[in-house]
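K.L.:
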Amino acid sequence: MSDKGAGNHSDVTGFILVGFRVRPELHVLLFLVFLLVYGMVLLGNISMMAIIVTDSQLNTPMYFFLGNLSFIDLSYSTVIAPQAMVNFLSEKKTVSFVGCAAQLFFFTFFIVTEGFILAAMAYDRFIAICNPLLYSVHMSRRLCSQLVAGSYLCGWLSSILQVSITFSVSFCASRVIDHFYCDSYQIEKISCSNLSVNKMVSLSLAAFIILPTIVVIVVSYMYIVTTVLKIPSREGRKKAFSTCSSHLGVVSLLYGTVSFVYLTPPSNPELRKVASVFYILVTPMLNPLIYSLRNKDVKQALGKILWNKKALY
Numbered sequence: 001m002s003d004k005g006a007g008n009h010s011d012v013t014g015f016i017l018v019g020f021r022v023r024p025e026l027h028v029l030l031f032l033v034f035l036l037v038y039g040m041v042l043l044g045n046i047s048m049m050a051i052i053v054t055d056s057q058l059n060t061p062m063y064f065f066l067g068n069l070s071f072i073d074l075s076y077s078t079v080i081a082p083q084a085m086v087n088f089l090s091e092k093k094t095v096s097f098v099g100c101a102a103q104l105f106f107f108t109f110f111i112v113t114e115g116f117i118l119a120a121m122a123y124d125r126f127i128a129i130c131n132p133l134l135y136s137v138h139m140s141r142r143l144c145s146q147l148v149a150g151s152y153l154c155g156w157l158s159s160i161l162q163v164s165i166t167f168s169v170s171f172c173a174s175r176v177i178d179h180f181y182c183d184s185y186q187i188e189k190i191s192c193s194n195l196s197v198n199k200m201v202s203l204s205l206a207a208f209i210i211l212p213t214i215v216v217i218v219v220s221y222m223y224i225v226t227t228v229l230k231i232p233s234r235e236g237r238k239k240a241f242s243t244c245s246s247h248l249g250v251v252s253l254l255y256g257t258v259s260f261v262y263l264t265p266p267s268n269p270e271l272r273k274v275a276s277v278f279y280i281l282v283t284p285m286l287n288p289l290i291y292s293l294r295n296k297d298v299k300q301a302l303g304k305i306l307w308n309k310k311a312l313y
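Quick note on our numbering: the sequence shown kicks off at 1 and runs consecutively.
(1) Which residues bound the alpha helix (DSSP H) around T243?
(2) Ignoring anything shorter than 3 residues or poking outside the region 165 to 247, list the beta strand (DSSP E) runs there in chain order.
(3) In whole angstroms, what is the alpha-carbon distance linking L157 and R21?
(4) If you measure between the beta carbons of G14 and S96, is that distance less than 7 Å?
(5) Which value, in whole angstroms, describes the spacing of the CA atoms of K304 and Q57?
(6) Along the chain, where does the alpha helix (DSSP H) containing V98 start, and where does it finish?
(7) To the nearest angstrom, how far is the alpha carbon of V298 from that of S292?
(8) Between the Cα of F64 and those of V148, S184, S233, spot the shortest distance and give me the residue it belongs to.
(9) Are there 16 or more other CB atoms within 10 angstroms of the CB of L205, so buried, or fewer, so exposed?
(10) Going by C-alpha to C-alpha distance, which of S245, P265, L263 sits closest to K296?
(11) Mind checking which residues open and close the beta strand (DSSP E) that includes L17?
(12) So, helix, strand or coil for T60, using DSSP?
(13) Pick out whichever of E188, S168, P266 has its Cα sitting closest to the Cα of R175.
(14) How many angstroms separate the CA atom of K238 from the CA atom of V37?
(15) Along the chain, where does the alpha helix (DSSP H) that runs through I52 open and close?
(16) When DSSP builds the beta bridges, which residues end up paired with T78?
(17) In terms of alpha-carbon separation, which member of V18, L211, S184 lies closest to K199?
(18) Can you name, in chain order, every residue of its own chain whose Cβ lies under 8 Å from the Cβ of M139, other than the five neighbours on each side?
(19) With distance defined between alpha-carbon atoms, name the residue in T54, I16, L26 nearest to A301.
(20) For F171 versus S191, is the C-beta spacing smaller than 7 Å?
(21) Quick check: the Cα distance between V28 and N87, rounded to an integer number of angstroms?
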C-alpha cells in the first residue's frame, strides 16, 4: 500500500479499502460481528415491512412512512456491510472504480432519503397531535405518496451531485482509502486536485438538503411539545407523547451518530470508523426494535401473525 505520490492518475481502475487497522487474526471476529448485526438488520426490517403490508389496520400514513424507513435502513446497510465482510476475509481488500462510485451513490441516496422520510414522519406526528380533527384531510394518501416520492427524488439528486463531484477529481499515486467503505471524505484525501469546489458543494448539500429536514423535525416537535403541555390530564399527555417517542428515538439515533462521525477529529480515523458502524449497522438494527417494543399496534399485529401461524399447525 503506497502513500500519496507525485504522479497524477485520473485513469484509476480500483481502490484498496484499508478497513480497521487491527491484527489479522481479529478480521475473522470483525466478520462475525458484522454478520451477526447485519443478520439482525435483515430480520428486523424485513419483519417490520411484512407486518405493515399484511395487517390492514396498519394501513395509515405513519406506518406507510415506517415501511419506507425500514426499506431504506435495510438498503443502505446492504450497500456497505456485504462488501466490508468480504474484505475482512480477503487479502487484497480491493473495490473497482465503478463499484466504489456505485457504493457511494447508493449510500448517499438512501441516507439522504432517510433524512427526508424522518422529516415527513415528524410532520405527520405534528398534524396528528396538533390538528387531530383534520388529520385525515391533511395527511391524505396522495400527500403521503408525494412526500415519499419527493424524499427519494431529493436523495437521488443529491447522490448524483455528490458522486459526480467526488469522482471528477484526479487521483495521485495512492489508491488507498482509509475506511471500510467508499467514503467521500477519504476519497478526496487521495486526490491531487483543488478541492475547494468539492467543499463548496458539500456545504451546499448540507445547507439546502440536510438542514431543512432538521428544521422541519425541530419545529414540528416544538409545536408538539407546546400542544401536549396544554393537555390538562397527565394520562392524556402521556398518551400524546407515546405516539411520537419512537420517532424521536430513531431521529436521535441517526443524527446523533452521524454528527459524532463528522465531529470526530480527522486525526483519529479509527474512531470515525467505529462511529460509522453505528449508523450503518447499529441504528438500522435498533429502529425496528424501537418501533415494535414501544408501539402497541405493531405488537398486536405481530401477535396476530404468530397466533395465525400457530393455529395452522
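Cβ coordinates follow ideal geometry from the N, Cα and C atoms, glycine included.
P.N.:
In brief:
(1) Counting from 1 along the sequence shown, the entry for residue 243 is found at position 243. Its alpha helix (DSSP H) spans residues 234 to 263.
(2) none
(3) Position 157 of the sequence shown, counted from the first residue, corresponds to residue 157. Position 21 of the sequence shown, counted from the first residue, corresponds to residue 21. C-alpha separation (whole angstroms): 34 Å.
(4) The residue labelled residue 14 in the question sits at position 14 within the sequence shown. The residue labelled residue 96 in the question sits at position 96 within the sequence shown. Result yes, Cβ atoms of G14 and S96 sit closer than 7 Å.
(5) Counting from one through the sequence shown, the residue named residue 304 turns up at place 304. Counting from one through the sequence shown, the residue named residue 57 turns up at place 57. Those two C-alpha atoms are separated by around 11 Å.
(6) The residue labelled residue 98 in the question sits at position 98 within the sequence shown. Start and end: 97 to 130.
(7) Along the sequence shown, read from residue 1 onward, the residue named residue 298 stands at position 298. Along the sequence shown, read from residue 1 onward, the residue named residue 292 stands at position 292. In a straight line, the C-alpha of V298 is about 6 Å away from that of S292.
(8) Residue mapping note: residue 64 aligns to position 64 of the sequence shown, counting from 1. Looking at the Cα atoms, V148 is the closest of the given residues.
(9) Position 205 of the sequence shown, counted from the first residue, corresponds to residue 205. L205 is buried by the Cβ-count criterion.
(10) What you label residue 296 is simply residue 296 of the sequence shown in a count that begins at 1. Comparing Cα-Cα distances from K296 to each of S245, P265, L263, the minimum goes to S245.
(11) In the sequence shown, residue 17 corresponds to position 17, counting from 1. It spans 14 to 17 - the beta strand (DSSP E) in which L17 sits, taken as one unbroken run.
(12) Taking the first residue of the sequence shown as 1, we reach residue 60 at position 60. In this structure, T60 counts as coil in the three-state DSSP scheme.
(13) Counting from 1 along the sequence shown, the entry for residue 175 is found at position 175. Comparing Cα positions, the closest option is E188.
(14) The residue given as residue 238 occupies position 238 in the sequence shown. The residue given as residue 37 occupies position 37 in the sequence shown. Cα-Cα distance, rounded: 33 Å.
(15) Locating residue 52 in the sequence shown gives position 52, where the first residue counts as 1. Its alpha helix (DSSP H) spans residues 26 to 54.
(16) Residue mapping note: residue 78 aligns to position 78 of the sequence shown, counting from 1. BP columns for T78 are empty, so no partner.
(17) Counting from 1 along the sequence shown, the entry for residue 199 is found at position 199. For the residues V18, L211, S184, the minimum Cα distance to K199 belongs to S184.
(18) Counting from 1 along the sequence shown, the entry for residue 139 is found at position 139. If we look at M139 and ignore the five residues flanking it on each side, its Cβ neighbours are P61, D124, I127, A128.
(19) The residue labelled residue 301 in the question sits at position 301 within the sequence shown. The candidate whose alpha carbon is nearest that of A301 is T54.
(20) Residue numbering aside, residue 171 sits at position 171 when the sequence shown is read from its first letter. Residue numbering aside, residue 191 sits at position 191 when the sequence shown is read from its first letter. A contact, by the Cβ cut-off of 7 Å.
(21) Within the sequence shown, residue 28 is the residue found at index 28, counting from 1. Within the sequence shown, residue 87 is the residue found at index 87, counting from 1. One C-alpha to the other measures close to 10 Å.
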